[in-house]
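Peer 1: Got a structure for you, written out below as structure tokens; questions coming shortly.
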Amino acid sequence: MFALIDCNNFYASCERVFAPNLNGKPIVVLSNNDGCAIARSNEAKAIGIPMGAPAFEFKDLFVNHKVHVFSANFSLYGNMSNRIMSILSEYSPEVEIYSIDEAFLKLKGFEYFNLLDYAYSIRKRVTQGTGIPVSIGIAPTKSLSKVANRIAKKYTQTGGVFLIDTEEKRIKALKWLAIEDVWGIGRKYATRLRAQGVNTAYDFTQLSDAWVKKEFSIVGLRLKRDLSGIPTLDLDDVQAKKNIATTRSFEKNITKIEDLKERIATFAVSCSEKLRKQKSYCKMLMVFIHTNGFRKDLPQYSRSRVIKLPFPSNSSIELVEFACIALESIFIAGYSYKKAGVLIMDFIPENQIQLNFFQNSNPKHEGLMKVIDKLNNRFGQQKVRLSIQDQKRVWKMKQEKLSPLYTTRIEDVITIQV
DNA sequence: TCTGGGGTCCTAGGACCC
DNA sequence: TCTGGGGTCCTAGGACCC
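Using my numbering, the letters of the first sequence map in sequence onto residues 1020 to 1437.
Printed below as a string of structure tokens:
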């Protein structure tokens, strides 16, 4: 059996843990640059604030309904997530951390356990240990545990836990679930399926394998089998990432290549830091730039460039050099750039590096990067920078409603009066 | 005027190789 | 008039997830 543990309204709940006066009040958490809503408490959902709502369009609604608005505080959410995952790992040797607020547990060898009781105890322990409410779905396959989780979340009388352990329950649950709410069926697929008269998850499982594969590729077919109760999707080992990206939208458009170069360099540095944390080297790097797609009145341009590195590297200096070469090859003057990013891929673990006969990553960088990482860890991000990076002012996102770093900065730890 | 960021997997077409 | 087959790599894009 698989259990899916999913935090309820995770970012909003994190804010609430340290501001309990907000219990029962509408909360919205905004994306970077305070752009759009990425998390909402139940109360905010009830007011009619959709996922992804642009903040500037909903400003009046926020004010009128006294919505408590927060800028995304990823240090806080990441730290709370680690605490929750660490608790969950006590409950099964096989855990897949699926996202910041979700984890699958594989319950192999739990035949003689009362799984409902087990789930209730997990739920209680997480809430006691962190203050975050969670819902738990248990079923014979991953995608069915997603379905069970949805039922647990939707119906409060379940006590936040739902178990699909019979064929009867499986079919009932699938008939209840609208096709667009199936894990792996997004907007585009749902529209196409509705047009075929497929309205529920159950209908989807009744389609022929051949048709599903033709229309939705092997991915859709796997999903169909998994929903039918045949375990097809297994826990993914996501310890090591396959890609690492740093991308940003700019508050103001950028037109000059020097400014863009500074941003790209900073993104490349950030990617290399993440790569070193993963103890890997990369063999490929990609840079992309594009104009603001929302501005239909402006000429649009978007382009990316992949560079295959002549040798594996995780040195900030080297990755910045390659990123700049890539940028220069795709930059066209005359456009207003709104967004850019650096992606790295094709990783190898640091202990499996094949040396190149002619050219290798500068061996001196290894020690240098260690020192830089150590200094930045201790004194704050970006304290030590490359000279190509902005020295005068650190680029700032709009973050007007940032809550304190309650769990990761000593000055921000709350004081309790006894 | 303002409308996020970081991932995954799959497919298709063109250029090129032998 | 007739003009192969089997690959790889790269670029781009589409779909999905949270």
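Where is the CB? At the ideal position from N, CA and C, for every residue including glycine.
Since the structure is predicted, the reported quantities are computational estimates derived from the model, not experimental observations.
1) Could you tell me which of N1052, S1335, V1153 sits nearest to E1419, measuring between CA atoms?
2) Taking G1353 as the reference, give the member of T1310, L1346, N1333, N1379 with the closest Cα.
3) Please list, in chain order, all residues of the same chain as I1204 whose beta carbon is under 8 Å from its beta carbon, the five residues on each side excluded.
4) Could you tell me which of D1079, N1333, F1350, K1188 sits nearest to S1323, measuring between CA atoms?
5) Kindly indicate which residue of G1312, P1069, S1291 has the alpha-carbon position closest to the one of K1302.
6) So, P1112 versus H1084, is the Cβ gap smaller than 7 Å?
7) Rounding to the nearest angstrom, what Cα-Cα distance links D1255 and Q1371 in this structure?
8) Go ahead and pull the three-state DSSP assignment for M1070.
9) Please state whether the Cβ-Cβ distance between P1382 and S1299 is less than 7 Å.
10) In angstroms, rounded to a whole number, what distance separates the CA positions of R1189 and K1232?
11) Do you know offhand how far A1342's Cα is from L1279's?
12) Among residues of its own chain, excluding the 5 on either side of R1282, which ones have a beta-carbon nearer than 8 Å to its beta-carbon?
13) For P1073 and G1054, what's the separation of their Cα atoms in angstroms?
14) So, A1167 versus I1183, is the Cβ gap smaller than 7 Å?
15) State yes or no: is the C-beta of V1288 within less than 7 Å of the C-beta of M1305?
16) Start and end of the alpha helix (DSSP H) containing L1095?
17) Note down, one range per segment and in chain order, each beta strand (DSSP E) of at least 3 residues found wholly within the segment 1211–1262.
18) Which residue comes first and which comes last in the beta strand (DSSP E) that contains K1302?
19) Just to check my reading of the structure: I1249 and L1294 have Cβ atoms closer than 8 Å, yes? What is that Cβ distance to the nearest angstrom?
20) Leaving out the 5 sequence neighbours to the left and right, which residues in its chain are closer than 7 Å to D1079 when beta-carbon positions are compared?
21) Which partner residues of I1273 appear in the DSSP bridge assignment?
22) Considering only the alpha carbon of each residue, which of K1327, Y1425, N1027 lies closest to V1153?
23) Helix, strand or coil for A1038 per DSSP?
24) Does the structure place the segment 1032–1046 close enough to the segment 1093–1107 that three or more beta carbon pairs sit under 8 Å?
25) Where in the segment 1128–1176 do unbroken runs of the beta strand (DSSP E), each at least 3 residues long, occur, reported from the N-terminal end onward?
26) Name the DSSP beta bridge partners of M1364, please?
27) Compute the distance between the beta-carbons of T1285 and Q1400, then report whether it is under 7 Å.
28) At the level of alpha carbons, what is the spacing between Q1215 and W1230?
29) Thinking C-beta only, is F1021 closer than 7 Å to I1164?
30) How about S1380 and F1313: do their beta carbons lie closer than 7 Å?
31) Taking the alpha-carbon positions, what's the L1394 to P1159 distance?
Peer 2: Let's see:
1) Nearest option by C-alpha distance: N1052.
2) T1310
3) I1198, L1212, F1223, L1242
4) F1350
5) S1291
6) no
7) 23 Å
8) coil
9) no
10) Each residue's alpha carbon lies about 23 Å from the other.
11) 11 Å
12) Spatial neighbours of R1282 in its own chain (CB-CB distance under 8 Å, excluding positions within 5 residues in sequence) are listed in chain order as R1267, F1269, I1273, A1359, W1414.
13) 6 Å
14) With contacts defined as CB atoms closer than 7 Å, A1167 and I1183 qualify as a contacting pair.
15) no
16) Taken as a continuous stretch (DSSP letters only), the alpha helix (DSSP H) holding L1095 covers 1093–1107.
17) none
18) 1299–1310
19) Not quite, the Cβ-Cβ distance comes to about 38 Å (not below 8 Å), so this is no contact.
20) Excluding sequence neighbours, D1079 sits near nothing in its chain.
21) Y1356
22) N1027
23) Three-state DSSP puts A1038 in coil, outside helix and strand.
24) yes
25) 1153–1158
26) N1262, M1303
27) no
28) 11 Å
29) Before going on, a small fix: residue 1164 reads as Ser here, not Ile. In contact: S1164 and F1021 (Cβ atoms closer than 7 Å).
30) no
31) Straight-line Cα distance between these residues: approximately 48 Å.
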